[in-house]
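Encoded as structure tokens, the structure appears first; notes follow it.
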Amino acid sequence: MENQFLSLFEVSIAFEESHLFFPRIVSWVLVGLLAIILLSKSKKVAPALRRAGQAVMHGSDGFDRKRFFGTILLIVIYFYMMAVVGDVFPNTGYGFLFVSIPFIFLLALLYVDEKTKKNVLVIALTSVVAPALAWYVLSELFRITLP
Amino acid sequence: MEFLSYLSPMFFTLIAAGALIGVIFGAIPGMTATMAVAVCLPLTYALDLTNGLALLLGLYVGGISGGMVPAVLLNIPGTPSSITTTFDGYPMAKKGEGERALKISIVASLFGGLFSAGVLFYFAPVLADFAIKFSYVEKFLIIFLALTVIASLTKNMLMGIFSGVLGVWLSLIGTYEITDGGNGETRLMFDFMEYYLVAGFSLLPVLIGIFGITTILQDAEKGFKGDAASPTIKLTKGSRFSFSVFKGQLVNLVRSSSIGTFVGMLPGVGGSAASVLAYTQEKNFSRDSSQMGNGAPQGLVASESSNNALTGGALVPLLSLGIPGDSTTAILIGAFTLQGIQVGPLFIGDNLDTWYIMIAALVIANFLMFGIMFFAIKYIAKVIEVPKHLLYPIIVMMCVVGAYAINYGIMFDVWTLLIFGVFGYIATKVGLELVPLIIGFILGSSAEVYFVKSLESYGNLTIFFTKSPIAVFLWCLIVLSLAFSIFLKVRARKKESFASYS
Chain A
1 MENQFLSLFE VSIAFEESHL FFPRIVSWVL VGLLAIILLS KSKKVAPALR
51 RAGQAVMHGS DGFDRKRFFG TILLIVIYFY MMAVVGDVFP NTGYGFLFVS
101 IPFIFLLALL YVDEKTKKNV LVIALTSVVA PALAWYVLSE LFRITLP
Chain B
1 MEFLSYLSPM FFTLIAAGAL IGVIFGAIPG MTATMAVAVC LPLTYALDLT
51 NGLALLLGLY VGGISGGMVP AVLLNIPGTP SSITTTFDGY PMAKKGEGER
101 ALKISIVASL FGGLFSAGVL FYFAPVLADF AIKFSYVEKF LIIFLALTVI
151 ASLTKNMLMG IFSGVLGVWL SLIGTYEITD GGNGETRLMF DFMEYYLVAG
201 FSLLPVLIGI FGITTILQDA EKGFKGDAAS PTIKLTKGSR FSFSVFKGQL
251 VNLVRSSSIG TFVGMLPGVG GSAASVLAYT QEKNFSRDSS QMGNGAPQGL
301 VASESSNNAL TGGALVPLLS LGIPGDSTTA ILIGAFTLQG IQVGPLFIGD
351 NLDTWYIMIA ALVIANFLMF GIMFFAIKYI AKVIEVPKHL LYPIIVMMCV
401 VGAYAINYGI MFDVWTLLIF GVFGYIATKV GLELVPLIIG FILGSSAEVY
451 FVKSLESYGN LTIFFTKSPI AVFLWCLIVL SLAFSIFLKV RARKKESFAS
501 YS
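Read top to bottom, the protein sequences are chains A and B. For the first sequence, position 14 (counting from the first letter as 1) is numbered 14 according to full-length UniProt numbering, and the numbering increases by one without interruption. For the second sequence, position 72 (counting from the first letter as 1) is numbered 72 according to full-length UniProt numbering, and the numbering increases by one without interruption.
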């Protein structure tokens with residue numbers, strides 16, 4: 001009787017399939033939990049999606065579209081260009097240095113509230129000094145790999 | 001005492017630098033100790049183990065402490081764990097006692113930090129000795145327990161569990177490593193992703209993305225309105241600070257530090273829980289709590305000693321079991337791995353020198369934090385005026401360095417930053433909890449190895465219940481933590497319905 005009961009829980013894992021054993025369990029648990037969450041909140045999902053859509057499309061709820069999407073766009077260009085310029089000057093960290101300067105300048109300009117002369121000057125100064133300092137300390141002094 | 005020879009002037013300088021940078025990060029609202037560690041990570045790549053530890057622990061202690069500055073001066077907690085510091089700190093600052101409030105907080109922080117370092121020193125080896133006897137079955141259950149505790153203490157238990165499981169799922173992407181006894185096959189991806197994801201997502205880029213880029217996106221969405229708040233209050237007008245404030249506060253100090261240390265040990269519970277708990281305990285148990293909330297030093301003492309006691313507490317499970325206690329220690333585990341430290345039950349016994357260096361660095365970091373803040377608080381208070389539009393672009397830049405250099409120059413690790421930055425942003429929007437997710441991510445691949453190996457050797461699921469008395473005990477703890485969380489939820493709901501009747 002007891003043996004029969006124990007055999008219910010017997011598991012054997014074939015070695016060539018062993019990489020899928022645990023991920024399968026986790027995936028099913030994840031799907032199950034997702035189903036429970038969606039069912040328990042079924043009434044709230046549609047309005048929430050609509051509100052999010054409104055915010056993204058029209059900037060309602062104080063959603064700052066310019067700064068949010070601007071940030072993502074600048075980061076994408078930053079990462080992409082860094083690799084491109086880095087390939088031109090391999091193993092120097094110049095890709096990092098030369099692309100970080102305009103990136104910091106533009107991102108800070110995007111974020112700043114009032115574009116007064118003084119603010120822009122400070123931003124320009126920061127965007128040159130910060131990457132140059134980081135590049136010098138990390139790449140030249142510490143010999144850390146930079147793009 | 002051989003480890004004393006490692007303590008060079010460089011060691012002290014790095015701790016001081018770490019503590020100062022940490023304090024600055026902590027002092028800027030929205031930036032945390034976790035971010036400080038993430039941003040300074042590239043600096044540790046070039047340092048050796050001892051000096052790397054010095055910088056990291058300095059940052060950790062400083063970052064947790066810095067949160068008190070805006071809490072007192074602006075009524076905004078600089079880090080989540082200083083939320084209760086605002087209750088009494090800001091009223092004091094309004095009366096012109098800002099400097100006094102800050103100095104009380106600094107002394108309380110020092111006490112909390114040292115107390116928890118002591119607990120760490122005596123308790124972690126005991127726990128590690130105990131954990132050495134664990135087989136794969138118990139190791140799996142420990143991870144299971146950690147994830148259960150984290151998930152059950154989140155605001156919404158279902159979402160917490162989901163987040164934890166999602167973290168585990170994400171960690172399984174990649175190869176089932178042959179070095180862990182796997183078969184070297186990849187899973188959970190399409191063929192075209194194999195080139196990038198053979199080794200899965202790297203831990204540190206994922207963490208830096210979630211804690212660095214996500215925060216920036218969240219602030220970008222709000223549009224930086226009212227950037228750089230400037231305090232309008234005078235630091236010193238009312239009564240001055242003196243150590244006599246601490247007369248009769250010993251019970252409060254010890255109680256709050258113990259609460260902080262204990263909460264720190266629970267994985268993923270977070271600092272705000274510790275300080276709120278310590279604050280309410282002081283309110284319930286002290287002889288005179290009538291002034292709490294209007295600027296009573298005892299409230300500051302409770303809040304700040306408990307949140308600094310988190311540091312030592314969170315390092316206990318990290319060093320003895322390899323399980324991070326909060327988001328900052330989650331990054332520390334990655335940084336330690338880079339330095340060649342494998343944290344877990346064997347760590348302390350095998351690396352006694354490193355262990356002593358760590359404790360020394362932690363204690364020294366607390367003293368240096370105290371020194372820096374106590375004497376330079378007036379200048380540090382100015383930091384909160386630095387505008388974020390200058391800081392954030394620099395942080396993105398430093399995140400890139402941290403991610404790129406981690407595997408000696410892999411561009412995909414940089415893209416991982418953005419992927420997980422956006423993912424973290426969306427995750428918080430839909431109500432997922434980031435801390436369980438991260439801890440699931442860190443522990444997921446070990447959980448797999450322990451689980452599959454246990455079943456491969458015993459061939460029966462019942463082994464998880466019958467292996468040893470420890471296994472049974474761990475199951476009891478798992479059930480207990482679930483029951484406790486359900487009890488809390490039910491009680492909260494009852495209170496709510498009472499409130500709506502009356």
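C-beta: ideal position from N, C-alpha, C; glycine also. Predicted, not measured: the structure shown is a model, and the values here were computed from it.
- With a cutoff of 8 Å on beta-carbon distance, A:R50 and A:L110 are scored as not near each other.
- The C-alpha of B:C399 is placed about 45 Å away from the C-alpha of A:V11.
- At a cut-off of 8 Å between C-beta atoms, B:E433 does not count as an interface residue with respect to chain A.
- DSSP assignment within the stretch 29-109 of chain B yields the following whole alpha helix (DSSP H) runs of 4 residues or more, N-terminal first: 33-45, 49-66, 68-73 and 85-94.
- By alpha-carbon distance to B:Y450, the top candidate from B:S135, B:L338 and B:L391 is B:S135.
- A check of alpha carbon separations from B:L300 across B:L120, B:G112, B:Y408 and B:I161 identifies B:G112 as the nearest.
- Under the three-state reduction of DSSP output, A:R24 falls in the helix class.
- About 4 Å separates the Cβ atoms of B:M68 and B:S105, confirming a contact at the 8 Å cut-off.
- The CB of A:S27 comes closer than 7 Å to the CB of W169 in chain B, given here in chain order.
- About 7 Å separates the beta carbons of B:L172 and A:F22, which is inside the 8 Å limit, making them a contact pair.
- Neighbours of B:G200 across chain A, judged by C-beta separation under 7 Å, do not exist; the nearest C-beta is about 12 Å away.
- Taking the Cα positions, B:A273 is about 18 Å away from B:M292.
- Judged by DSSP in its simplified three-state form, B:T261 adopts helix.
- Listed in chain order, the positions of the stretch 176-189 of chain B with a beta carbon within less than 9 Å of a beta carbon of chain A are Y176, G181, G182, N183, G184, E185, T186, R187 and L188.
- The DSSP assignment places no complete run of the beta strand (DSSP E) inside the stretch 450-477 of chain B (cut-off: 3 residues).
- The beta carbon of A:V120 sits no closer than 8 Å to any beta carbon of chain B.
- Boundaries for B:G223: no alpha helix (DSSP H) harbours it, and the DSSP string shows neither H nor E there.
- With respect to the 8 Å criterion, B:A309 and B:T329 are not classified as neighbours on the basis of their beta carbons.
- In the three-state reduction of the DSSP assignment, B:T428 falls in the helix class.
- If you look at B:G167, you'll find it in the alpha helix (DSSP H) that goes M157 to L172.
- Contacts between B:W415 and chain A, judged by CB atoms closer than 7 Å, involve F79 in chain order.
- Proximity of chain B to A:F142 at the Cβ level (cut-off 9 Å) is accounted for by P42, L43, Y45, A46 and L47, in chain order.
- Looking at B:A117, B:A365 and B:L217, the one whose alpha-carbon comes closest to that of B:F262 is B:A117.
- Measuring C-alpha to C-alpha distances from B:L338 to each of B:T462, B:S202 and B:G421 identifies B:S202 as the nearest.
- Taking C-beta atoms as the reference points, B:I24 and B:V383 count as a pair closer than 8 Å.
- For A:P131, the neighbours in chain B by C-beta distance under 8 Å run, in chain order, M397.
- Here B:F123 really is in contact with B:V316; their C-beta atoms are around 6 Å apart, less than 8 Å.
- Under the three-state reduction of DSSP output, B:R240 falls in the coil class, being neither helix nor strand.
- Contacts with chain A at 8 Å (Cβ-Cβ) include B:Y408.
- Excluding five sequence positions before and after B:S152, the CB atoms of its chain that fall closer than 6 Å to its own CB belong to S481, L482 and S485, given in chain order.
- When Cβ pairs closer than 8 Å are counted between the two stretches, the stretch 211-221 of chain B is seen to touch the stretch 69-79 of chain A, the count reaching three or more.
- With a threshold of 16 other beta carbon atoms within 10 Å, B:K453 meets it and is buried.
- B:T154 sits in coil when the DSSP states are folded into three classes, being neither helix nor strand.
- It is roughly 44 Å from the alpha-carbon of B:A499 to the alpha-carbon of B:L391.
- Following the DSSP letters along the chain, one finds B:P297 inside the alpha helix (DSSP H) bounded by residues P297 to L321.
- In this structure the stretch 8-18 of chain B touches the stretch 49-56 of chain B; the number of beta carbon pairs closer than 8 Å is three or more.
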